[in-house]
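Working notes, beginning with the structure itself.
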Amino acid sequence: MDDELEPLKQGLNTAEMERWNIGDLEAYKARLQAEIERIDSAIAGKSSVQSMAENLFKS
Numbered sequence: 005m006d007d008e009l010e011p012l013k014q015g016l017n018t019a020e021m022e023r024w025n026i027g028d029l030e031a032y033k034a035r036l037q038a039e040i041e042r043i044d045s046a047i048a049g050k051s052s053v054q055s056m057a058e059n060l061f062k063s
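According to our numbering, the sequence shown is numbered sequentially starting from 5.
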C-alpha cells in the first residue's frame with residue numbers, strides 16, 4: 005500500500021511550479037481537487053461500511 009502512495013508523497017518541487025503559467029497551475033489545481041473529491045468519496049464509503057460492521061457486532 006505504501007508503494008502506491010510513494011509517487012504522491014514525493015510531490016513537486018515548488019521551484020518547478022514557479023516556471024508554470026497560470027493555465028497550467030489552474031489545470032493542476034483542478035486535477036488535485038478532483039482527486040480530493042475521489043478520496044473523500046472513498047473515505048465516505050469505507051466509513052459507511054465500518055459503521056454497518058460496528059452496528060452488526062453491537063447487537
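Ideal Cβ placement from N, Cα and C applies to all residues, glycine included.
Enclosing alpha helix (DSSP H) for residue i [first to last residue]
i, result
"Ala17", "According to the sequence as given, residue 17 is Asn; it is not Ala. Neither: Asn17 is in no alpha helix (DSSP H) and is coded neither H nor E."
DSSP state of residue i mapped onto helix, strand, coil
i, result
"Arg23", "coil"
CA-to-CA distance, residue j to residue i, given in whole angstroms
i, j, result
"Gln21", "Glu39", "The sequence given here has Met at residue 21, not Gln. Approximately 19 Å between the Cα atoms of the pair."
"Trp24", "Leu36", "16 Å"
"Leu29", "Gln54", "37 Å"
"Tyr32", "Lys50", "27 Å"
"Asn59", "Ala46", "20 Å"
"Thr18", "Asp44", "25 Å"
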